[in-house]
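Quick note, the sequences are listed as chains A and B, same order. Heads up, the first sequence is in the working numbering, so the first residue is 73 and it goes up one at a time. Heads up, the second sequence is in the working numbering, so the first residue is 16 and it goes up one at a time. For each residue, glycine too, the CB sits at the ideal point set by N, CA and C.
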Amino acid sequence: MRILQFASSAAAAIALFQLSFSQTSGPTPASPGTQELLVVRGAKIYPVSGPAIEREVLIVRGTKIETVGAEPKVAIPKGARVVDASGKVIIPGIVDTHSHIGIFPRPSVPANEDGNEGTGPIQPGLRALDAIYPADPGIRMALSGGVTTANIMPGSGNVIGGQTAYVKLRGRTIDEMLIPGTIGGLKMANGENPKHYGRENQAPMTRMEVAALARKEFTKAQEYKRKWDEYNKKVAAGDKDAKVPDRDLDLEPLVEVLEGKRIVQHHTHRADDIMTVVRLSEEFHFKVVIHHGSESYLVADELAKHKVPVTLTIVDAPGGKLEATQAELEAAAILEKAGVKVAINTDDFINSSRFLLREAALTIRGGLSQTVALEALTRNAAEMLDLQNRVGTLEPGKDADFVVLSGDPFSVYTKVLETWIEGEKLFDRSRPEDLRYATGGFQVANRYPKLLQSSMAGAR
Amino acid sequence: MKRARICAPLFIFAVCSGAFSQKIAVAGDKLYSAGGDHQDGKPGVVLIENGKIVGIAEGNKIPDGYQRMQAAYVTPGLIDAKTTAGISGEYNIPADQDQDEETDPNTADVRAFDSFNPTERLVEYINTYGITTIQVAPGLANPVAGQAAIFKTRGPSSSLMTAEEMAVKPVSALVFDLGEFPKQVYGKRNKPPETRMMTAEIIRKALVDAGTSQRKWEEWNKSDKKDSSKQPASDLKLESVSRVLRGELPAIFNAYREDDIATALRLAREFKLKPVISSATEGYLMRDTLKSSGASVLAGPTLQRLDGFETMNATLENAALLADAGIPFALMTGYESYVPKNRVLLFEAGIAAANGLGFERTLRATTIDGARILGIADRVGSLEKGKDADVVLYDGDPFEYTSHVTAVLVNGRITYQAPVGK
Numbered sequence: 073m074r075i076l077q078f079a080s081s082a083a084a085a086i087a088l089f090q091l092s093f094s095q096t097s098g099p100t101p102a103s104p105g106t107q108e109l110l111v112v113r114g115a116k117i118y119p120v121s122g123p124a125i126e127r128e129v130l131i132v133r134g135t136k137i138e139t140v141g142a143e144p145k146v147a148i149p150k151g152a153r154v155v156d157a158s159g160k161v162i163i164p165g166i167v168d169t170h171s172h173i174g175i176f177p178r179p180s181v182p183a184n185e186d187g188n189e190g191t192g193p194i195q196p197g198l199r200a201l202d203a204i205y206p207a208d209p210g211i212r213m214a215l216s217g218g219v220t221t222a223n224i225m226p227g228s229g230n231v232i233g234g235q236t237a238y239v240k241l242r243g244r245t246i247d248e249m250l251i252p253g254t255i256g257g258l259k260m261a262n263g264e265n266p267k268h269y270g271r272e273n274q275a276p277m278t279r280m281e282v283a284a285l286a287r288k289e290f291t292k293a294q295e296y297k298r299k300w301d302e303y304n305k306k307v308a309a310g311d312k313d314a315k316v317p318d319r320d321l322d323l324e325p326l327v328e329v330l331e332g333k334r335i336v337q338h339h340t341h342r343a344d345d346i347m348t349v350v351r352l353s354e355e356f357h358f359k360v361v362i363h364h365g366s367e368s369y370l371v372a373d374e375l376a377k378h379k380v381p382v383t384l385t386i387v388d389a390p391g392g393k394l395e396a397t398q399a400e401l402e403a404a405a406i407l408e409k410a411g412v413k414v415a416i417n418t419d420d421f422i423n424s425s426r427f428l429l430r431e432a433a434l435t436i437r438g439g440l441s442q443t444v445a446l447e448a449l450t451r452n453a454a455e456m457l458d459l460q461n462r463v464g465t466l467e468p469g470k471d472a473d474f475v476v477l478s479g480d481p482f483s484v485y486t487k488v489l490e491t492w493i494e495g496e497k498l499f500d501r502s503r504p505e506d507l508r509y510a511t512g513g514f515q516v517a518n519r520y521p522k523l524l525q526s527s528m529a530g531a532r
Numbered sequence: 016m017k018r019a020r021i022c023a024p025l026f027i028f029a030v031c032s033g034a035f036s037q038k039i040a041v042a043g044d045k046l047y048s049a050g051g052d053h054q055d056g057k058p059g060v061v062l063i064e065n066g067k068i069v070g071i072a073e074g075n076k077i078p079d080g081y082q083r084m085q086a087a088y089v090t091p092g093l094i095d096a097k098t099t100a101g102i103s104g105e106y107n108i109p110a111d112q113d114q115d116e117e118t119d120p121n122t123a124d125v126r127a128f129d130s131f132n133p134t135e136r137l138v139e140y141i142n143t144y145g146i147t148t149i150q151v152a153p154g155l156a157n158p159v160a161g162q163a164a165i166f167k168t169r170g171p172s173s174s175l176m177t178a179e180e181m182a183v184k185p186v187s188a189l190v191f192d193l194g195e196f197p198k199q200v201y202g203k204r205n206k207p208p209e210t211r212m213m214t215a216e217i218i219r220k221a222l223v224d225a226g227t228s229q230r231k232w233e234e235w236n237k238s239d240k241k242d243s244s245k246q247p248a249s250d251l252k253l254e255s256v257s258r259v260l261r262g263e264l265p266a267i268f269n270a271y272r273e274d275d276i277a278t279a280l281r282l283a284r285e286f287k288l289k290p291v292i293s294s295a296t297e298g299y300l301m302r303d304t305l306k307s308s309g310a311s312v313l314a315g316p317t318l319q320r321l322d323g324f325e326t327m328n329a330t331l332e333n334a335a336l337l338a339d340a341g342i343p344f345a346l347m348t349g350y351e352s353y354v355p356k357n358r359v360l361l362f363e364a365g366i367a368a369a370n371g372l373g374f375e376r377t378l379r380a381t382t383i384d385g386a387r388i389l390g391i392a393d394r395v396g397s398l399e400k401g402k403d404a405d406v407v408l409y410d411g412d413p414f415e416y417t418s419h420v421t422a423v424l425v426n427g428r429i430t431y432q433a434p435v436g437k
């Protein structure tokens, strides 16, 4: 429900976990342990935590940002590797609050589809991390679009779809991708999609039942939590005979939701469905983020009043399903004006992650300011995943996740030149094998060079 | 916040009453005519009378007697060379999906014209993004899919209401679908085609049968026509395919993969057709072959989801690579099965422009080049004297996603005007 007020406790939890997990590193040699000093100078930097400044210096020590500031106030440390980024633009690594890369890998064929366990509408025990395929080319494509952090989610076919995974886009295994100390969110959905069970005469067939199923499950979780609280109290009081309650894998993540440790990431489109989510979140006191929110702008004042944030999926045209027919490019601007915190997501494969910056440009077309559009891709998105103490801005102490652009972040002509995660350059447009993920054609990369012996080379 | 669905007060009388202003002058700080003597990118004024362009005046002086409109950028109305807008509705429910007649792999007799819903909101929607002409084609399911049609679009303040009023060409092409879709649709019902072999066979058979029928008709027409029992039977499918054989109707082959494009070119050679390839995801891998075949390409959405097997090699540079090779091509949006239900040509163009095609070639690929491939360049595609007054006004670079279309004219009438302040 509220994004900001539970930030500090989660940050403490992250700090705690970091002690034990901080040695988990990416796949390539730039190990965080070396504490290598990197200086990127000359770029226009949008730190998002403050205004953009020309010819700034970004200093990275190991995996973390040490300094962001202007020369000559900021001295260039001796022995540092210096990268000249003059004339370029740097923004924080983009945080995608809603992605299906890795869990619906490309090519999309049944053999690859692992996002919707369509055998029952309540699946809180499932973990996205058990299905994410790190070799999905979609992940490298997302990197080429400047995405560094993603919330990878199960699909929206179930009322409770499973546990989401907060990852960095690096690594050969899911363990290398997962952000240490995070447990992910809980994917839920209402509206049209979970009603697909009705076609086989199974529940849910109506929106009433979708809500009832959610309510029933959280009521069970309250009871389960009470049992464990009582048991823990007895143990704490020294009762050696206290009987351990049976574990329930479905209810454990819901208890984490009730305790504010796990945010509900809720797929919902229509205004009445959005208000159903608000109602449930207040009934069970859980923190929630509205995803897609096609009609969220129609209830912007309500969302502001209840302090519910929205992460929008921006689509070129309305429709494709009834509940998305009222989608408007103006939604972000209307929500922002009403005081609702807004992020912008890809819902990749709905939108390719390579175009997340373009989607944000469409919200500017719809009236949002450039400043807020950039916040929506970074800081606001980080807050919706409770990761604001690690990512989302370029500030000392944050992860060194940043994107080097060829120009204005929201110009269609601008290219993502480099994507860095925790001090490591993971995408470089000047490397031919990386370029093919930005443009496409990576499977036929051996045939590509011949094609480019033409005027194209100059046009690039 | 909602797009203006009613006429702006200023134009209530002029536009909504039907008694539209006879003379309009559209001044652009940067006018792109995509043809004629005007130097693109320089200031200019499009002079419109009775729905037609009567001339381009250089500079920014507006002659007396014209209603004045002004914008930073002015271009011809954009042409979406192949779409399902108007036959595949925004709700995506059986009630509004009329693009694929999935009951027979050969539906050469069906016409998109008869499915077209003029008041479909997606048509109005794309009009507000400057798309004034669309070739509406049957979907992706049938090896012989049916007949396309070309329409003008209607906008929020249009008076056009029927397919007849909007039509530029009621029948503009015959569409053939190759690749995964036909075999997916029919294969799962254990009906042909289940393989690419059968898809090609169905198309060949349709063309051979049409040739046979045509020969019989020619013989009948040459005969004394006395024995009516010898008159060939009328068959709408055969007649439709015969028009392709006679070169009266272009053949559009929708194909993604290199081998499927090659199949289309092979069929075209066998039956002496001048093929148009739509989608052409892997077209960039076989530019020499495409070039020597004389084919035109309706480049698939550059934003095309790189998802299924046959689109895994999609590249944003496809348009630029085809253009470099001198292959005639235009941009299209094609068909979308889910969210979003329609792509917007203007947004596709932005991606193409930014990935090697550049501004001016992209402009041509969305205007005059499309008009030429579709055979309608006498009416649309450039801002030249005598052409339909289809004009788009923008407040910035048309292909920047942050710019706005400020007004759209179709046949000299304002179909869309952005709300004040946009």
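- Pro185/B carries a strand assignment under DSSP once its states are collapsed to helix, strand and coil.
- Taking 8 Å as the upper bound for CB-CB distance, Ile117/A and Leu130/A are in contact here, some 6 Å apart.
- For Met347/B, no Cβ of chain A is located within less than 9 Å of the residue's own Cβ.
- DSSP places Asp247/A within a helical segment (H, G or I) once states are collapsed to three.
- Listed in chain order, the alpha helix (DSSP H) runs fully inside the region 330-362 of chain B are 333-339, counting runs of at least 4 residues.
- Each residue's CA atom was taken as its position, placing Asp339/B and Arg351/A some 57 Å apart.
- Taking 9 Å as the threshold, the shortest C-beta distance from Pro325/A to chain B does not fall below it.
- The region 217-233 of chain A and the region 467-476 of chain A touch, with no fewer than 3 CB-CB distances between them shorter than 8 Å.
- With a cutoff of 9 Å on beta-carbon distance, Ile63/B and Gly427/B are scored as near each other.
- When rounded, the separation of the alpha-carbon atoms in Pro468/A and Arg133/A is 10 Å.
- By the criterion of a C-beta distance shorter than 6 Å, Asp186/A is surrounded in its chain by Ile175 and Ala203, once the five residues flanking it on both sides are discounted.
- In the DSSP assignment, Met260/A falls within the beta strand (DSSP E) that extends over Leu258 to Ala261.
- CA-CA distance, Met225/A to Gln337/A, rounds to 9 Å.
- Interface with chain B (9 Å Cβ-Cβ cutoff): Ser424/A is included.
- At a cut-off of 9 Å between beta-carbon atoms, Gly202/B makes no contact with chain A.
- With a 10 Å radius around the Cβ and a threshold of 16 neighbouring Cβ atoms, Gly122/A comes out exposed.
- Neighbours of Leu523/A across chain B, judged by C-beta separation under 7 Å: Tyr299 and Leu336.
- Measuring C-alpha to C-alpha distances from Thr330/B to each of Arg508/A, Asp156/A and Arg242/A identifies Arg508/A as the nearest.
- Judged by beta-carbon spacing, Pro390/A lies within the 9 Å limit of Tyr140/B, meaning their Cβ atoms are closer than that value.
- Taking 7 Å as the Cβ-Cβ cut-off, the region 110-142 of chain B approaches chain A at Leu137 and Tyr140, given in chain order.
- Only Leu300, Arg302, Leu318, Arg320, Leu321, Asp322, Gly323 and Phe324 from the region 300-324 of chain B bring a Cβ to less than 8 Å from some Cβ of chain A.
- Sorting Lys267/A, Ala147/A, Arg212/A and Glu248/A by C-alpha distance to the C-alpha of Gly190/A places Lys267/A at the top.
- DSSP places Thr148/B in the strand class (E or B) of the three-state scheme.
- For the beta strand (DSSP E) assignment, the uninterrupted runs of no fewer than 3 residues enclosed by the region 473-513 of chain A are, from N- to C-terminal side, 474-477, 488-493 and 496-500.
- The count of Cβ pairs closer than 8 Å, one atom from the region 252-272 of chain B and one from the region 292-310 of chain B, reaches three, so the stretches are in contact.
- Here the alpha carbons of Ala127/B and Gln162/B stand approximately 6 Å from one another.
- In this chain, the beta strand (DSSP E) harbouring Thr421/B covers Val420 to Val425.
- In the DSSP assignment, Gly385/B falls within the alpha helix (DSSP H) that extends over Ile383 to Leu389.
- At least one CB atom of chain B sits nearer than 9 Å to the CB of Thr397/A.
- By the criterion of a C-beta distance shorter than 8 Å, Ala275/A is surrounded in its chain by Pro193, Tyr269, Glu281 and Leu285, once the five residues flanking it on both sides are discounted.
- The beta carbons of Pro58/B and Gly70/B sit no closer together than 9 Å.
- Residue contact with chain A for Glu375/B: absent (no Cβ-Cβ distance below 9 Å to any residue of chain A).
- Annotation: the continuous beta strand (DSSP E) that includes Lys167/B extends over Val159 to Lys167.
- Secondary structure note for Arg113/A: its beta strand (DSSP E) is the uninterrupted segment Leu109 to Ile117.
- Near chain B, meaning a CB-to-CB distance below 8 Å, the residues of the region 174-202 of chain A are Arg178, Pro179, Ser180 and Val181.
- Around the Cβ of Gly464/A, a 10 Å sphere holds 16 or more other Cβ atoms; the residue is buried.
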